[in-house]
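Notes for the one structure printed next.
Protein chains: 2
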Amino acid sequence: MKELKLALLGFGNAGRAFARLLLDKEAEIEARYDTRVIVTAIATHSRGNLVDPRGIDLAAALTELSEKGHFAKSVSGTTMDIVTGADYDVLVEMTPLQILTGQPAIDHIKGAFRRRKHVVTANKGPIAWAYDQLAQMAQEQGVFFFYETTVMDGTPVFNLAELTLKMARVTEISGILNTTTNYILEELAAGKPYDKIIATGRKLGFIEADAAMDIEGYDAAAKLTALLNVLMDAHMTPDRVDRTGIENITVADIEAAAKQDCCIKLVCRGAMENGQVVATVKPTLVPRGDLLATIDSTSSVVSLTTDLMGKLSVVEHAPLIEQTAYGIFGDVLRVLDGIHG
Amino acid sequence: MKELKLALLGFGNAGRAFARLLLDKEAEIEARYDTRVIVTAIATHSRGNLVDPRGIDLAAALTELSEKGHFAKSVSGTTMDIVTGADYDVLVEMTPLQILTGQPAIDHIKGAFRRRKHVVTANKGPIAWAYDQLAQMAQEQGVFFFYETTVMDGTPVFNLAELTLKMARVTEISGILNTTTNYILEELAAGKPYDKIIATGRKLGFIEADAAMDIEGYDAAAKLTALLNVLMDAHMTPDRVDRTGIENITVADIEAAAKQDCCIKLVCRGAMENGQVVATVKPTLVPRGDLLATIDSTSSVVSLTTDLMGKLSVVEHAPLIEQTAYGIFGDVLRVLDGIHG
Numbered sequence: 001m002k003e004l005k006l007a008l009l010g011f012g013n014a015g016r017a018f019a020r021l022l023l024d025k026e027a028e029i030e031a032r033y034d035t036r037v038i039v040t041a042i043a044t045h046s047r048g049n050l051v052d053p054r055g056i057d058l059a060a061a062l063t064e065l066s067e068k069g070h071f072a073k074s075v076s077g078t079t080m081d082i083v084t085g086a087d088y089d090v091l092v093e094m095t096p097l098q099i100l101t102g103q104p105a106i107d108h109i110k111g112a113f114r115r116r117k118h119v120v121t122a123n124k125g126p127i128a129w130a131y132d133q134l135a136q137m138a139q140e141q142g143v144f145f146f147y148e149t150t151v152m153d154g155t156p157v158f159n160l161a162e163l164t165l166k167m168a169r170v171t172e173i174s175g176i177l178n179t180t181t182n183y184i185l186e187e188l189a190a191g192k193p194y195d196k197i198i199a200t201g202r203k204l205g206f207i208e209a210d211a212a213m214d215i216e217g218y219d220a221a222a223k224l225t226a227l228l229n230v231l232m233d234a235h236m237t238p239d240r241v242d243r244t245g246i247e248n249i250t251v252a253d254i255e256a257a258a259k260q261d262c263c264i265k266l267v268c269r270g271a272m273e274n275g276q277v278v279a280t281v282k283p284t285l286v287p288r289g290d291l292l293a294t295i296d297s298t299s300s301v302v303s304l305t306t307d308l309m310g311k312l313s314v315v316e317h318a319p320l321i322e323q324t325a326y327g328i329f330g331d332v333l334r335v336l337d338g339i340h341g
Numbered sequence: 001m002k003e004l005k006l007a008l009l010g011f012g013n014a015g016r017a018f019a020r021l022l023l024d025k026e027a028e029i030e031a032r033y034d035t036r037v038i039v040t041a042i043a044t045h046s047r048g049n050l051v052d053p054r055g056i057d058l059a060a061a062l063t064e065l066s067e068k069g070h071f072a073k074s075v076s077g078t079t080m081d082i083v084t085g086a087d088y089d090v091l092v093e094m095t096p097l098q099i100l101t102g103q104p105a106i107d108h109i110k111g112a113f114r115r116r117k118h119v120v121t122a123n124k125g126p127i128a129w130a131y132d133q134l135a136q137m138a139q140e141q142g143v144f145f146f147y148e149t150t151v152m153d154g155t156p157v158f159n160l161a162e163l164t165l166k167m168a169r170v171t172e173i174s175g176i177l178n179t180t181t182n183y184i185l186e187e188l189a190a191g192k193p194y195d196k197i198i199a200t201g202r203k204l205g206f207i208e209a210d211a212a213m214d215i216e217g218y219d220a221a222a223k224l225t226a227l228l229n230v231l232m233d234a235h236m237t238p239d240r241v242d243r244t245g246i247e248n249i250t251v252a253d254i255e256a257a258a259k260q261d262c263c264i265k266l267v268c269r270g271a272m273e274n275g276q277v278v279a280t281v282k283p284t285l286v287p288r289g290d291l292l293a294t295i296d297s298t299s300s301v302v303s304l305t306t307d308l309m310g311k312l313s314v315v316e317h318a319p320l321i322e323q324t325a326y327g328i329f330g331d332v333l334r335v336l337d338g339i340h341g
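In structure tokens, the structure reads:
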């Protein structure tokens, strides 16, 4: 039986859900690919690092974290030490994101490519800020670079375009890509006060401690840029998106929209205009009968307009952390298919 | 340069749009696959047959049909003679469908498989009535069998599940799959009389001469069965679907629905119940805020619930005949990928 060695950077909720999925599907992967997928390194920011070239006991690692909050037999060193020194075939990038720079994920990915390792990233930053450079490095080094999870978790968007819309060209992309703002706008429309929405949203895990990146549209802009770079060769960065957040949307705005039988959604859109891609993220009036109006709270949608296949939309309904894990898992399976195909 | 020879069964609107697409993309296919895709046979019911092992001049054939309505240098013989006798690598099945039997398409496909030829079918009948047998034959003969176009034209559904949702299991399928009934229900809701809707729909090409198969839910049941057979191993036929058409829906029903802020849609649904797949097609009350309520006239939607990827939906917006052609085209590209991959 063959072996595929993974190094996991980051081991938060998504990383742990991915580890549980690997454990659940161990036998099925072995049967299907004649390959044992093992994790040889786990790097975390504050819980220590694990390294074992023969394969970390994931079940034990998960138990240890939930019981003690950190790894008992941690190996010293930085995450970059794991990138440059550990024994692995695929780097799985899941570190916390600096949305305004894409770092340190970009450097982790470059470090892996320099060693001719495949990369799966759940981090949108690198695709938004450095896609051209990273895609070129991957091609030059002859390795795979997959990033399905960066937009709408494991719901197929990038893989859908690449694998199922062959030779079709995407001419326009639109959608609702940020669930935090979607949730806030909906709760505002339901008459709840802003402070209470934020407090409840945090308790439910829908809203992060620092919600500014979501509320001001940075997260949506980064996701839109990732889509445009990959699917429309936009060669752009998130700072080129014409971006307006929802911070100035008032209850009065929402009530005025309702009187026109509309709601307000933070809509992302990118399209070719005069030979270049123009991208906007802004609060938009959406008629009640429109698909976008039905995308509630944690759901999201991407619509692709293409030259050969007209317009189609993909909706992700109320995902859980397991759907993020599946995105990473699916990309690891693509590596297996690519290696053995 | 390699060669891939296609035999086209049926050359109606979809077949002709597919031929135009082949002509448009000739250079791009050659560059991408180092393969010349040629059509060596075209079989029609009433316009004659063309056969040329070196490749039919598609542009001339299209002009001839539009100018004269039939092929001038037609070869005598039946469609089955083409299946069993012509020189081709891929049979492209686009003959008119007998929805209550799946024939004669099933026999055409079997004939191609017996000769170890690949098959791409735009015909839902074979997938609804004989999927297990045909899939098994294809596997035994070591040939490809693709059928993306049978549900929602070229919008990825089958290819999406197979190529982008690996190892995920579909546990429930629902959707709006028949556009004729969708159009009629919407026009009824807009206050138009039934007779006028049918007449206008026929003029616009939304409604076929014999609309009974659509209105009584047979078309939707066949599509649902195709989805369930492929994606949920349902081993079933359309006659096992609990089917109610829209023939008894009255304007009063629609008005009553509107009072509850709902609309009526012909909804398809299949799910596991007590270890077997139970399938229904029936007019259903859909709340205005539901995704299904926004699927208008010629658009359609499939929602998949899965074990690993939660629930996702794919929407096709107002397709034209070019989107049917793309479905066939995409499947031919899958054959090319499979042969050369």
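Just so you know, the sequences run in chain order A and B. Quick note: the first sequence uses the numbering used here, first residue 1, plus one each step. Quick note: the second sequence uses the numbering used here, first residue 1, plus one each step. Even for Gly, the Cβ is constructed at its ideal location relative to N, Cα and C. Computed from a prediction, not measured in an experiment: that's the story for all the values here.
Could you round the C-beta distance between residue i and residue j to whole angstroms and report it? I think they count as a contact, below 8 Å.
i      : j      : result
A/A190 : A/L228 : Not confirmed; about 33 Å, so no contact.
B/L177 : B/C268 : 5 Å
A/A7   : A/A86  : 5 Å
B/L22  : B/D89  : Not confirmed; about 14 Å, so no contact.
A/T244 : A/G217 : 6 Å
B/A17  : B/I207 : At roughly 20 Å, the Cβ-Cβ gap does not stay under 8 Å, so B/A17 and B/I207 are not in contact.
Where do the N-terminal and C-terminal ends of the beta strand (DSSP E) with residue i fall, by residue?
i      : result
A/E172 : V170 to I176
B/R356 : Because chain B is modelled from 1 through 341, residue 356 of chain B falls outside the range shown and cannot be assessed.
Check the Cβ of residue i against every Cβ in chain B and list those closer than 9 Å, keeping chain order.
i      : result
A/E316 : M309, G310, K311, L312 and S313
A/Y183 : Within chain B, no residue comes near A/Y183; the closest Cβ sits about 16 Å away, beyond 9 Å.
A/E28  : M167
A/Y33  : By Cβ distance, chain B contributes nothing, its closest Cβ being about 10 Å from A/Y33, past 9 Å.
Which residues of chain A have a Cβ atom closer than 7 Å to the Cβ of residue i, listed in chain order?
i      : result
B/L291 : L291, T294 and V315
B/K166 : G330 and L333
B/Q323 : M309 and G310
B/K351 : This structure cannot speak to residue 351 of chain B, because chain B is shown only from 1 to 341.
Applying the criterion that 16 or more other CB atoms from any shown protein chain within 10 Å of the CB defines a buried residue, is residue i buried or exposed?
i      : result
A/A59  : exposed
B/K203 : exposed
B/T294 : buried
B/P287 : exposed
B/Q276 : exposed
A/V230 : buried
A/T181 : buried
B/G15  : buried
B/H340 : exposed
B/M1   : exposed
A/Q260 : exposed
A/H235 : exposed
A/D307 : exposed
A/G205 : exposed
B/R334 : buried
A/D214 : buried
At which residues does the alpha helix (DSSP H) containing residue i begin and terminate?
i      : result
B/M213 : A212 to I215
A/G201 : Y194 to L204
B/M80  : T79 to G85
A/R32  : E26 to Y33
B/N159 : F158 to T164
A/M236 : It is not in any alpha helix (DSSP H) - A/M236 carries neither H nor E in the DSSP assignment.
A/E3   : No alpha helix (DSSP H) contains A/E3, which is instead part of the beta strand (DSSP E) from K2 to L9.
List the residues of chain A whose Cβ lies closer than 8 Å to the Cβ of residue i, in chain order.
i      : result
B/N159 : L163 and T164
B/Y88  : Per Cβ cutoff of 8 Å: no residues; B/Y88 is ~22 Å from chain A at best.
B/Y131 : In chain order: nothing, as chain A lies at least about 20 Å away.
Mind pulling the chain B residues with CB within less than 7 Å of residue i?
i      : result
A/R288 : R288
A/G154 : M309
Give the interface partners of residue i over in chain A, defined as CB-CB distance under 9 Å, in chain order.
i      : result
B/L320 : G310
Find the residues of chain B that neighbour residue i, judging by a C-beta separation of less than 8 Å, and give them in chain order.
i      : result
A/Y147 : By Cβ distance, chain B contributes nothing, its closest Cβ being about 13 Å from A/Y147, past 8 Å.
Compare the C-beta of residue i with all C-beta atoms of chain E and state if any pair is closer than 9 Å.
i      : result
B/Y326 : Looking at the structure shown, chain E is missing, and the protein chains on hand are A and B.
Decide yes or no for the touch test of the segment 130–141 of chain A against the segment 297–315 of chain A: beta carbon pairs closer than 8 Å, at least 3 of them.
-> no
How about the segment 64–74 of chain A and the segment 89–107 of chain A: do they share at least three Cβ pairs that are nearer than 8 Å?
-> no
Taking 8 Å as the threshold, find out whether the segment 117–128 of chain B comes into contact with the segment 143–153 of chain B through three or more Cβ pairs.
-> yes
Sufficient close CB pairs (3 or more, under 8 Å) joining the segment 206–223 of chain B to the segment 242–259 of chain B = yes
Tell me, please, whether the segment 123–134 of chain A touches the segment 37–56 of chain A by the rule of three or more beta-carbon pairs shorter than 8 Å.
-> no
Would the segment 151–160 of chain A and the segment 248–267 of chain A be scored as touching if the rule is three or more Cβ pairs under 8 Å?
-> no
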